[in-house]
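Participant: My structure is below; once you've seen it, I'll send some questions.
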Amino acid sequence: PQINGTNIGNDVKSYTPHSIRSNHGYIHGNSTPRNALYDSTKRCLDLLRGPGGELSQKLRSIETRYIEQISNEIMDGDPNVRWDDIAGLHHAKKCVNEMVIWPLLRPDIFKGCRSPGRGLLLFGPPGTGKTMIGKAIAGEAKATFFYISASSIASKWSGEGEKLVRALFGVARCRQPAVIFVDEIDSLLSQRKSNSEHESNRRIKTQFLIEMEGFDSGNEQVLLIGATNRPQDLDEAARRRLTKRFYIPLPSSEARAWIIKNLLDKEGLFELSTEDIDSICKSTEGYSGSDMKNLVKDASMGPIREALKQGTEITKLEKEDMRPVTLQDLEDALKEVRPSVSPNELGQYEEWNNQFGSLP
Ligand code: ADP
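Quick note: the sequence shown uses UniProt numbering, first residue 189, plus one each step.
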């Protein structure tokens, strides 16, 4: 990667309100007051300065506006998820801890033959907690979290995608330890090749592979996590770079019970018996974590719907008078919220896991 070009020198050093206006057109079509823009750019650049106040060499040749876009739109300094928020997946959590979090926390120990892979793939059905795991890794390792959805790179960043990819990796290198989470990574690193593959997509993909290559050779504490529910679409180059590949399956019955209890407990709406929970867990075989969340959301409307049916006005409804969620509410919700993953899709994941997965 041409991280050490010369162009940024000018771009960043000449950073003044004037240069922002004249060079980068931030003011165009934007009603934000000039001072606020100046402050926001200054703040995000300040985050990237070294102790001596200088902008890192790593950002040389990257235009300020791309750095700002990355810092403002996809960087999250405090991804608010911890391991305890994620139901089940005990084995995956344990392995991620050893293979990914410890090395980020103790780079001094995890070097040489202990040096970790820089790429991790989380694959499995949608809504099973892959994004949550990415955020939890960043949270537990006290790392900066960068989230992008690969499918949006091409559409939203059209034409300048590869420059933003470079800026993304550049900013991440400045904010180490860092976790770059690429959702739907298959749409970026797919093996489906066609002549019609858009030129700009091809450039984004090439840039991405170059940046990932750069990872392994350096001592940087930047971890790339790709998430996909189409692992079979990934090409060989992507598989090679994502050295650890963890299957994140649908939640077990125990994990589903945990999700229900946890979500209702938070709102003071939990009063179900063990038998109620057992019964609802039996009926939700095949539901994803996200389906379970939707189920609980729908069921938690039950007490409100009932009160309104009995003639209470919504404006007069007292929070304290509302009853907890019952088994009946959950059973009613089951009619509305159906599982989003079909059972025959699961076979594909297991097959791919047997062939390429890292977790036994
Ligand atoms: P994915 O990235 O696998 O598509 P997400 O991590 O975005 O799924 O999960 C979507 C939502 O579903 C989460 O915000 C959370 O509310 C719920 N969820 C999914 N899996 C779990 C889980 N294992 N534990 C707790 N909540 C979960």
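For each residue, glycine too, the CB sits at the ideal point set by N, CA and C.
Can you tell me the Cβ-Cβ gap for leucine 411 and leucine 292, rounded? I've got them flagged as a contact below 8 angstroms.
Facilitator: Against the sequence shown, residue 411 aligns to sequence position 223. Against the sequence shown, residue 292 aligns to sequence position 104. Going by Cβ atoms, the distance from leucine 411 to leucine 292 rounds to 7 angstroms, so yes, they are a contact pair.
Participant: Classify leucine 505 as helix, strand or coil using the three-state DSSP reduction.
Facilitator: Numbered from 1 along the sequence shown, position 317 holds the residue referred to as residue 505. It is coil, neither helix nor strand.
Participant: For alanine 495 and arginine 427, I'd like the C-alpha separation in whole angstroms.
Facilitator: Indexing the sequence shown from 1 puts residue 495 at position 307. Indexing the sequence shown from 1 puts residue 427 at position 239. Cα-Cα distance, rounded: 54 angstroms.
Participant: Hey, could you find the ends of the beta strand (DSSP E) leucine 356 is sitting in?
Facilitator: Here residue 356 refers to the residue found at position 168 of the sequence shown. From DSSP, leucine 356 is part of no beta strand (DSSP E) but of the alpha helix (DSSP H) over 349 to 362.
Participant: Quick one: give me the first and last residue of the alpha helix (DSSP H) that lysine 318 is part of.
Facilitator: Residue mapping note: residue 318 aligns to position 130 of the sequence shown, counting from 1. 318 to 328 is the extent of the alpha helix (DSSP H) around lysine 318.
Participant: Using the DSSP secondary-structure output, state which residues sit across from methionine 287 in a beta bridge.
Facilitator: What you label residue 287 is simply residue 99 of the sequence shown in a count that begins at 1. Answer by DSSP bridge pairing: none, since methionine 287 is not bridged.
Participant: So who's on the other strand from isoleucine 336, going by DSSP bridges?
Facilitator: Stepping through the sequence shown from its first residue, residue 336 is reached at position 148. In the DSSP output, where bridge partners are listed per residue, isoleucine 336 has Val370.
Participant: Quick one: what does DSSP say arginine 306 is sitting in, helix, strand or coil?
Facilitator: Taking the sequence shown and counting its residues from 1, one reaches residue 306 at position 118. In this structure, arginine 306 counts as coil in the three-state DSSP scheme.
Participant: Closest to glutamate 524 by CA distance: which of Ala425, Thr472, Pro365 is it?
Facilitator: Here residue 524 refers to the residue found at position 336 when the sequence shown is read from its first residue. It is Thr472.
Participant: What I want to know is whether the C-beta of threonine 472 ends up closer than 7 angstroms to one or more non-hydrogen atoms of the ligand ADP.
Facilitator: As a working mapping, residue 472 is identified with position 284 in the sequence shown. Threonine 472: no, Cβ never under 7 angstroms from the ligand ADP.
Participant: Under the three-state reduction of DSSP, which class applies to leucine 422: helix, strand or coil?
Facilitator: On the sequence shown, residue 422 is found 234 positions in, with the first residue counted as 1. Three-state result, leucine 422: strand.
Participant: Compute the Euclidean distance between the alpha carbons of asparagine 389 and isoleucine 289, then round it to the nearest angstrom.
Facilitator: Locating residue 389 in the sequence shown gives position 201, where the first residue counts as 1. Locating residue 289 in the sequence shown gives position 101, where the first residue counts as 1. Each residue's alpha carbon lies about 32 angstroms from the other.
Participant: Runs of 3 residues minimum, wholly inside the region 403 to 467: which ones carry the beta strand (DSSP E) assignment?
Facilitator: Segments of the beta strand (DSSP E) lying fully in the region 403 to 467: 410 to 416, 432 to 435.
Participant: Between the alpha carbons of serine 441 and alanine 329, how many angstroms are there, rounded?
Facilitator: As a position in the sequence shown, residue 441 is number 253, starting the count at 1. As a position in the sequence shown, residue 329 is number 141, starting the count at 1. Cα-Cα distance, rounded: 29 angstroms.
Participant: Please tell me whether, using a cut-off of 7 angstroms, the distance from the CB of glycine 477 to the nearest non-hydrogen atom of the ligand ADP is below it.
Facilitator: Translated into the one-based positions of the sequence shown, residue 477 becomes position 289. Because some heavy atom of the ligand ADP lies under 7 angstroms away, the Cβ of glycine 477 counts as near it: yes.
Participant: Relative to the ligand ADP, is the shortest distance from any of its heavy atoms to the C-beta of proline 365 smaller than 7 angstroms?
Facilitator: Along the sequence shown, read from residue 1 onward, the residue named residue 365 stands at position 177. Outside the cutoff, so no.
Participant: By the three-class DSSP mapping on this structure, what secondary structure does phenylalanine 298 have?
Facilitator: Taking the sequence shown and counting its residues from 1, one reaches residue 298 at position 110. Phenylalanine 298: coil per DSSP, three-state reduction.
Participant: What are the boundary residues of the alpha helix (DSSP H) that arginine 253 is part of?
Facilitator: Taking the sequence shown and counting its residues from 1, one reaches residue 253 at position 65. Element bounds for arginine 253: 252 to 257.
Participant: Report yes or no: do the region 439 to 456 and the region 344 to 362 share at least 3 C-beta pairs separated by less than 8 angstroms?
Facilitator: Cβ pair count under 8 angstroms is below three, so no.
Participant: Pop quiz: glycine 276 and proline 439 are said to be a contact at Cβ under 8 angstroms. What is the actual Cβ separation, rounded to whole angstroms?
Facilitator: Position 88 of the sequence shown, counting from 1, holds the residue named residue 276. Position 251 of the sequence shown, counting from 1, holds the residue named residue 439. Indeed they touch by this definition, with Cβ atoms about 5 angstroms apart.
Participant: Quick check on this structure: which residue in Asp421, Ala445, Asn450, Ser476 has the alpha carbon closest to the alpha carbon of threonine 462?
Facilitator: Here residue 462 refers to the residue found at position 274 of the sequence shown. Nearest C-alpha to threonine 462: Ala445.
Participant: Would residue 551 and proline 437 qualify as a contact pair, given that the criterion is a beta-carbon distance under 8 angstroms?
Facilitator: What the structure shows of the chain is the stretch from 189 to 548, and residue 551 is not part of that stretch, so it cannot be assessed.
Participant: If you follow the alpha helix (DSSP H) that leucine 515 is in, where does it begin and where does it stop?
Facilitator: Taking the first residue of the sequence shown as 1, we reach residue 515 at position 327. It spans 515 to 524 - the alpha helix (DSSP H) in which leucine 515 sits, taken as one unbroken run.
Participant: Using the three-state DSSP reduction, which class does serine 210 fall into: helix, strand or coil?
Facilitator: Counting from 1 along the sequence shown, the entry for residue 210 is found at position 22. Note on serine 210: pLDDT 29, under 50, position unreliable in the model; the coordinate value appears next. DSSP places serine 210 in helix when its eight states are reduced to three.
Participant: Determine the direct distance from the alpha carbon of proline 491 to that of alanine 326, and round the result to whole angstroms.
Facilitator: If you number the sequence shown from 1, residue 326 lands on position 138. If you number the sequence shown from 1, residue 491 lands on position 303. Taking the straight line joining both Cα atoms gives about 37 angstroms.
Participant: How many Å lie between lysine 481 and alanine 443 at the Cα?
Facilitator: Within the sequence shown, the letter at position 293 stands for residue 481. Within the sequence shown, the letter at position 255 stands for residue 443. Roughly 12 angstroms separates the two Cα atoms.
Participant: Hey, is the region 530 to 539 in contact with the region 262 to 274, meaning 3+ C-beta pairs nearer than 8 angstroms?
Facilitator: Output reads no: the region 262 to 274 does not touch the region 530 to 539.
Participant: Whole angstroms is fine: what's the gap from glycine 474's alpha carbon to proline 527's?
Facilitator: Translated into positions along the sequence shown, residue 474 becomes position 286. Translated into positions along the sequence shown, residue 527 becomes position 339. The straight-line gap from Cα to Cα measures roughly 6 angstroms.
Participant: Flag leucine 277 as yes when its Cβ comes closer than 7 angstroms to any non-hydrogen atom of the ligand ADP, and as no otherwise.
Facilitator: Against the sequence shown, residue 277 aligns to sequence position 89. Correct: leucine 277 has its Cβ closer than 7 angstroms to the ligand ADP.
Participant: Indicate the three-state DSSP secondary structure (helix, strand or coil) for serine 219 in the structure shown.
Facilitator: Against the sequence shown, residue 219 aligns to sequence position 31. No answer about serine 219 holds up, because its pLDDT of 42 lies below 50 and its placement is not dependable.
Participant: Starting from alanine 495 and walking both ways along the alpha helix (DSSP H), at which residues does that stretch end?
Facilitator: If you number the sequence shown from 1, residue 495 lands on position 307. Alanine 495 -> alpha helix (DSSP H) spans 490 to 497.
Participant: Measure how close the beta-carbons of glutamine 257 and leucine 376 come, nearest whole angstrom, since I'm counting them as under 8 angstroms.
Facilitator: Within the sequence shown, the letter at position 69 stands for residue 257. Within the sequence shown, the letter at position 188 stands for residue 376. Rounded, the Cβ-Cβ distance is 18 angstroms, inconsistent with contact.
Participant: With respect to the alpha helix (DSSP H) encompassing glutamate 533, which residues constitute its N-terminal and C-terminal limits?
Facilitator: Start at 1 with the first residue of the sequence shown, and residue 533 comes out as number 345. Glutamate 533 -> alpha helix (DSSP H) spans 531 to 544.
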